[in-house]
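Number of protein chains: 2
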Amino acid sequence: MNSASLPTGFTASGTTCGIKQSGKPDLALFVSESAAAVAGVFTTNRVVGAPVIVSRERVLSETARAVIINSGNANACTGEQGLKDARQMTANVAASLGCDADDVLVCSTGIIGVPLPMNIISAGIPAAIEALDKSGGAYNSAATAMMTTDTFAKQTSVDVKLSTGSIRISGAAKGAAMIAPNMATMLAVIMTDASLSAAQCDQMLRYGVDRTFNCISVDGHTSTSDTVLLFASGTADAAPVTDDDHKTLRDAVQQICEKLATDIIRDAEGAGHFVTVDVTGFETREAAFKVAKEISESALVKTAITGNDPNWGRITSAAGYAGINFDTSFLSLKINNTEVFKAGTPVEYDESALSQQMNDNREVHLLLKLSGGPTSGSESVRFWTSDLTQEYVRLNSEYTT
Amino acid sequence: MNSASLPTGFTASGTTCGIKQSGKPDLALFVSESAAAVAGVFTTNRVVGAPVIVSRERVLSETARAVIINSGNANACTGEQGLKDARQMTANVAASLGCDADDVLVCSTGIIGVPLPMNIISAGIPAAIEALDKSGGAYNSAATAMMTTDTFAKQTSVDVKLSTGSIRISGAAKGAAMIAPNMATMLAVIMTDASLSAAQCDQMLRYGVDRTFNCISVDGHTSTSDTVLLFASGTADAAPVTDDDHKTLRDAVQQICEKLATDIIRDAEGAGHFVTVDVTGFETREAAFKVAKEISESALVKTAITGNDPNWGRITSAAGYAGINFDTSFLSLKINNTEVFKAGTPVEYDESALSQQMNDNREVHLLLKLSGGPTSGSESVRFWTSDLTQEYVRLNSEYTT
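Each protein sequence line maps, in turn, to chains W and U. Taking this note's numbering, I'd label the letters of the first sequence as residues 28 to 428. Taking this note's numbering, I'd label the letters of the second sequence as residues 28 to 428.
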């Protein structure tokens with residue numbers, strides 16, 4: 028358990044209602060004492076779970092009181108019944124909180140294609156309400172109850188000094204980084220006691236998500252349930268008033284997102300290396316993003332890293348097929364700060380030393396740089412990924428529906 | 028060895044000049060007795076081998092006499108020296124054939140970033156010329172000399188009846204289906220004695236490649252060397268004269284391409300299943316293609332197939348993130364002719380029987396159909412892929428540069 032805390036104005040709980048056969052916690056609840064400004068970013072998959080449909084609609088009202096999350100069942104590919112069930116979960120929570128069902132959001136994560144066991148969930152919600160608490164322990168319990176194949180709970184918080192005083196931003200996430208629809212998949216709840224409008228929440232959340240959750244990949248599989256929510260209670264005395272305050276807050280939201288997103292990669296199932304991919308010197312952020320994503324999702328790059336092989340050929344050729352126009356004679360590549368490729372050709376370096384370092388550190392940093400040519404520029408993107416191991420294949424091929 | 032034959036007007040040879048340390052054949056030569064119409068399709072990777080640069084430029088002249096191919100070294104990421112070496116190989120062949128160097132094309136496949144051993148190759152070319160023969164045995168030797176990690180030589184031929192008589196189309200390919208830059212990678216030479224213009228060659232080749240070589244994927248990694256060439260010698264008595272003849276020929280070229288492309292998938296390293304993915308009912312071919320490609324390249328779909336798991340969730344959600352707009356409530360999925368998903372929800376079926384069948388057959392057929400909604404239509408695409416096994420990861424992570 029880490030020492031992360033909730034912001035003022037928020038309580039949380041993590042309880043066990045019995046969805047999971049393992050008997051592990053499976054119901055998480057986050058509540059704001061009063062209506063909080065809210066924003067959400069949802070999966071772009073065309074196939075979405077019922078909770079995504081319900082929550083996506085409700086964040087448009089710009090405020091919310093709570094989010095109820097169950098693990099063990101994603102309530103996806105469950106048709107009309109799934110939508111009814113998702114709404115029923117929120118209605119049950121709303122009845123206890125004394126608010127509208129529309130003020131409660133909902134997320135579900137776990138197996139897909141199976142209706143929610145609504146009797147179990149309805150019976151469990153009073154206990155979840157009862158357990159609500161503002162302590163770090165309750166926060167940790169909530170993060171724990173979101174887990175599916177995660178091996179550790181992911182929650183974090185940061186205190187931020189604004190010109191008017193201090194506020195806190197806290198975030199909890201789940202993701203075993205399989206990014207798999209069967210264990211669908213990545214959820215995060217971020218809370219702050221800063222005073223923000225829904226539009227400001229939305230802007231800060233999208234900025235942060237674009238640079239963090241959208242820059243991680245284990246297997247390139249976008250789930251049916253991915254959801255990131257930001258609540259701002261406004262209960263802190265301090266409120267952002269200057270442009271600098273807003274930038275400070277935006278950066279802090281990004282920091283929280285980055286901690287949670289990289290924790291997901293660190294928890295990637297079967298992974299042996301944590302990989303940071305920096306792509307720099309491109310004309311547009313979009314071009315750098317495409318190159319970084321292609322490298323991060325290449326099975327050949329990932330298996331090379333598994334084998335501690337500083338394989339510049341696989342990395343530069345993955346960059347080459349990203350659909351971005353660039354002059355390869357201005358391309359260079361560093362692996363863990365050792366230059367292995369420059370001006371479009373390989374350079375001499377101590378390969379066995381670099382390989383040994385990759386083996387010892389289990390962290391790999393790739394820096395691909397374009398330093399000239401008609402399409403070079405000053406845009407950069409950082410991506411995070413894991414390697415591809417026999418253990419990943421074993422886990423994902425031995426799993427049966 | 029299969030019984031494939033060369034068309035009239037062509038000879039071939041496969042010899043050993045010593046590039047490969049294993050001592051296996053590494054020099055293939057295909058020659059047309061007279062100038063043949065020619066067309067080529069090349070890798071779209073920005074990082075390309077020197078032979079691609081040379082051959083891509085030369086097919087623009089619309090005729091060629093020969094193509095010289097070495098395996099064991101891809102002559103990629105080798106800078107100016109690589110271009111000189113590629114041109115030197117063609118000059119050596121041209122000197123023996125008594126034609127211009129510009130009339131000779133060149134392909135190289137194997138390791139990248141290492142200069143070609145030009146002394147060895149130059150010394151070997153006379154023997155390659157000497158061994159040229161029109162027999163099926165010589166054809167097989169040439170296909171064998173193209174191999175890198177392939178486990179079998181890939182050559183095929185078909186006799187086609189036109190309104191004016193019979194012609195033959197023959198094709199040889201290499202590809203261990205790792206689609207890997209280190210063993211870069213997919214090459215094919217197709218020859219016919221039909222009389223065609225370069226423009227007709229180009230049209231037929233692109234039509235065929237679009238539906239075959241561009242519809243196979245092992246790991247989504249486009250190589251630096253991929254090349255498919257079509258030569259038409261015009262030495263057959265028969266010549267296509269009607270629109271039907273041209274359609275017959277186009278379909279026969281596609282058939283040859285499909286045989287070679289699917290042979291590459293059947294030879295995929297570490298693969299346990301051969302997978303055919305049919306996507307149908309979309310508004311455009313491009314939309315169906317994107318969906319089929321996303322399914323075929325999903326690590327989660329591929330590992331599910333490895334485990335004989337009819338995992339509709341992974342397949343439909345891969346379709347969902349292909350970036351194509353469709354109404355999921357009109358989506359259905361059959362696996363080996365068993366319907367497992369219909370109208371956006373799973374259906375009841377005998378899962379263990381289907382799984383057993385997947386295990387016994389080692390061939391899997393996925394049929395994803397869109398049967399309504401605003402973006403449905405009549406376009407279909409067929410894709411071929413392999414599964415993703417622990418053996419694939421072992422092969423690609425234990426390989427060291």
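All C-beta atoms, glycine included, are put in the ideal place defined by N, C-alpha and C.
- Contact of U:ILE322 with chain W is not assigned, every C-beta pair being separated by 7 Å or more.
- The secondary-structure analysis by DSSP pairs W:ASN100 across a beta bridge with W:THR136 and W:ILE138.
- W:VAL318 and U:ALA63 have their C-alpha atoms roughly 39 Å apart.
- For U:VAL302, the enclosing beta strand (DSSP E) stretches over residues 301–309.
- A distance below 7 Å separates the beta carbons of W:ILE194 and W:ASP220.
- Looking at the DSSP output, W:ASP160 sits in a beta bridge with W:ALA39.
- For U:ILE243, no CB of chain W lies under 7 Å from its own CB, so it is not counted at the interface with that chain.
- Using a Cβ-Cβ cut-off of 7 Å, U:THR254 is close to nothing in chain W; its nearest Cβ partner there is about 15 Å away.
- Annotated as proximal: W:ALA31 and W:GLN182, with beta-carbon spacing under 7 Å.
- Counting only residues of its own chain and dropping the five nearest sequence neighbours on each side, W:TYR376 has a CB closer than 7 Å to the CB of THR365, GLU366 and VAL367.
- Rounded to whole angstroms, the Cβ separation of U:ALA113 and U:ASN102 is 6 Å, and the two are in contact under 8 Å.
- Inclusion of U:ARG277 and U:TYR234 in the CB contact set at 7 Å is warranted, their separation being smaller than that value.
- In chain order, GLN417, VAL420 and ARG421 make up the part of chain U whose C-beta sits under 7 Å from the C-beta of W:GLN417.
- The three-state reading of DSSP puts U:THR254 in strand, counting E and B together.
- With its beta carbon at least 7 Å from every one in chain W, U:SER398 lies outside the interface.
- Going by C-alpha positions, W:GLY261 is about 22 Å away from W:ALA200.
- For W:VAL216, the uninterrupted beta strand (DSSP E) run begins and ends at 214–219, by DSSP.
- Against chain W, the CB of U:GLY404 has no partner CB under 7 Å away; the residue lies outside that interface.
- With 16 or more other CB atoms across the displayed protein chains lying within 10 angstroms of its CB, W:GLU321 is buried.
- Rounded to the nearest whole angstrom, the C-alpha separation of W:LEU214 and W:VAL236 is 12 Å.
- For U:TYR376, the closest Cβ of chain W is not nearer than 7 Å.
- Contact annotation: W:VAL306 and W:VAL408 have beta-carbon atoms nearer than 7 Å.
- Its chain contains SER40, ILE95 and ALA155 as the residues whose beta carbon lies nearer than 6 Å to that of U:LEU56, once the 5 sequence neighbours on both sides are disregarded; these appear in chain order.
- Shown here, W:LEU143 sits in coil according to DSSP, grouped into three states, outside any helix or strand.
- Residue pairing from DSSP places U:ILE95 in a beta bridge opposite U:LEU56 and U:VAL133.
- Counting only the Cα atoms, W:PHE410 lies some 26 Å from W:ASP186.
- Under the DSSP assignment, U:ILE80 falls in the alpha helix (DSSP H) whose first and last residues are 77–85.
- Shown here, U:ILE196 sits in a strand according to DSSP, grouped into three states.
- Against chain W, the CB of U:GLU157 has no partner CB under 7 Å away; the residue lies outside that interface.
- Nearest CB-CB separation between U:GLU313 and chain W: not below the 7 Å threshold.
- It is roughly 40 Å from the alpha-carbon of U:ALA225 to the alpha-carbon of U:PHE353.
- Ranked by Cα distance from U:THR212, the options U:ASP177, U:LEU223, U:SER413 and U:SER190 are led by U:ASP177.
- In this structure, W:ILE291 lies away from W:LEU257, with their beta-carbon atoms at least 7 Å apart.
- For W:LEU124, the enclosing alpha helix (DSSP H) has its first and last residue at 106–124.
- DSSP places W:LYS396 within a strand segment (E or B) once states are collapsed to three.
- Closest option to U:THR343, judged by alpha-carbon separation, among W:GLY140, W:LEU124, W:GLU89 and W:THR416: W:GLY140.
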